[in-house]
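In the numbering used here, the protein residues as written are 315 to 531. We treat Cβ as the ideally placed atom computed from N, Cα and C, and that holds for glycine.
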Ligand SMILES: NC(=O)c1ccc[n+]([C@@H]2O[C@H](COP(=O)([O-])OP(=O)(O)OC[C@H]3O[C@@H](n4cnc5c(N)ncnc54)[C@H](OP(=O)(O)O)[C@@H]3O)[C@@H](O)[C@H]2O)c1
């Protein structure tokens with residue numbers, strides 16, 4: 315598949331690129347094409363350093379999204395609507411994955427959902443009718459995903475209203491050796507799942523934990 319990682323120059327975008335590049339065409343998106351090209355080159359180098367090959371190219375966000383089968387929005391919540399505005403003209407029923415967590419930090423991290431209930435539901439409202447949104451990966455720490463360490467095992471809680479789109483994301487997750495996909499129900503379940511990330515970050519801060527993620531036993 316062609317997978318566009320919008321804001322793929324950032325922390326968790328790198329993790330997806332490294333893990334999916336052997337099996338898929340990865341299109342790193344950025345506000346600046348040259349930044350995406352540089353990131354793509356460094357991800358290819360990182361894979362080569364581990365004796366792996368990767369099909370990763372860099373583009374501006376709109377070009378990355380054009381013709382993609384799947385788009386993952388790896389941008390901070392406050393910038394998602396701007397990125398969607400940029401790519402809207404080229405949206406054509408791609409599956410949209412949201413790992414986006416709307417949160418604020420004062421003394422502690424706090425879930426700060428939009429009025430739609432969750433970032434995933436808000437994103438669905440912003441997209442052309444018929445676009446499918448799947449929410450996933452909120453509880454995966456980028457450091458662990460980028461490490462490509464198969465000994466690290468954790469679960470991905472995946473929710474969405476369209477069976478086919480959800481199955482595509484479940485399969486993509488299954489391809490990443492360290493992750494186990496779990497069906498977490500309809501898109502409205504994103505309200506609960508997104509709220510787990512600030513909890514994990516508070517646990518990390520208060521207990522000196524590095525890259526906490528979730529595993530269901
Ligand atoms: N990091 C994690 O461990 C983690 C875990 C679970 C979920 N998430 C979620 O994944 C998303 C990305 O997280 P991240 O930590 O990877 O974010 P990040 O590294 O802070 O930023 C990702 C990218 O967002 C783009 N960006 C920054 N400001 C922007 C703006 N004003 N307009 C448009 N794009 C802008 C930048 O790309 P360009 O400058 O190249 O355009 C940047 O590289 C967030 O919604 C977060 O809640 C993250």
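For residue i, count the other beta carbons within 10 Å of its own beta carbon; 16 or more makes it buried, fewer makes it exposed. Which is it?
i           : result
residue 522 : exposed
residue 480 : buried
residue 493 : buried
residue 364 : exposed
residue 438 : buried
residue 337 : exposed
residue 343 : buried
residue 530 : exposed
residue 368 : buried
residue 382 : buried
residue 407 : exposed
Residue i: which of the options sits nearest, CA to CA?
i           : options            : result
residue 454 : 482, 424, 414      : 414
residue 525 : 468, 398, 476      : 468
residue 360 : 447, 462, 531      : 462
residue 410 : 435, 528, 364      : 435
residue 348 : 372, 529, 433      : 372
residue 498 : 527, 489, 376, 451 : 451
residue 500 : 530, 431, 528      : 431
residue 394 : 464, 520, 322      : 322
residue 331 : 354, 346, 344      : 354
residue 488 : 334, 326, 325      : 334
residue 474 : 447, 490, 407      : 447
residue 391 : 327, 401, 433, 420 : 433
residue 427 : 503, 528, 326      : 503
residue 509 : 326, 416, 339      : 416
residue 374 : 528, 341, 520      : 341
residue 429 : 362, 419, 399, 505 : 505
residue 520 : 491, 456, 421, 485 : 421
Any heavy atom of ligand 1 closer than 7 angstroms to the CB of residue i?
i           : result
residue 437 : no
residue 425 : no
residue 357 : no
residue 346 : yes
residue 422 : no
residue 323 : yes
residue 326 : yes
residue 310 : A query on residue 310 cannot be resolved here, the shown segment of the chain reaching from 315 to 531 and no further.
residue 377 : no
residue 448 : no
residue 413 : yes
residue 483 : no
residue 404 : no
residue 454 : yes
residue 350 : yes
residue 511 : yes
residue 396 : yes
residue 339 : no
residue 478 : no
Assuming residue i contacts residue j (C-beta within less than 8 angstroms), just tell me the rounded distance between them.
i           : j           : result
residue 458 : residue 466 : 5 angstroms
residue 482 : residue 472 : Rounded, the Cβ-Cβ distance is 10 angstroms, inconsistent with contact.
residue 495 : residue 423 : So it is not a contact: roughly 25 angstroms between Cβ atoms.
residue 449 : residue 412 : 5 angstroms
residue 460 : residue 328 : 5 angstroms
residue 527 : residue 325 : About 14 angstroms; that fails the 8 angstroms criterion.
Does the distance between the C-beta of residue i and the nearest non-hydrogen atom of ligand 3 fall short of 7 angstroms?
i           : result
residue 513 : Because ligand 3 does not appear in the structure shown, any question about it cannot be addressed here, the ligands present being ligand 1.
Inset, instruction - May I ask you to verify whether the segment 440–448 touches the segment 508–518, counting CB pairs closer than 8 angstroms and requiring at least 3? - result: The answer is no - the segment 508–518 does not touch the segment 440–448, with fewer than three Cβ pairs under 8 angstroms.
Inset, instruction - For the segment 379–397 and the segment 316–323, state whether three or more C-beta atom pairs, one from each stretch, are separated by less than 8 angstroms. - result: Because the criterion of three Cβ pairs below 8 angstroms is met, the segment 379–397 and the segment 316–323 touch.
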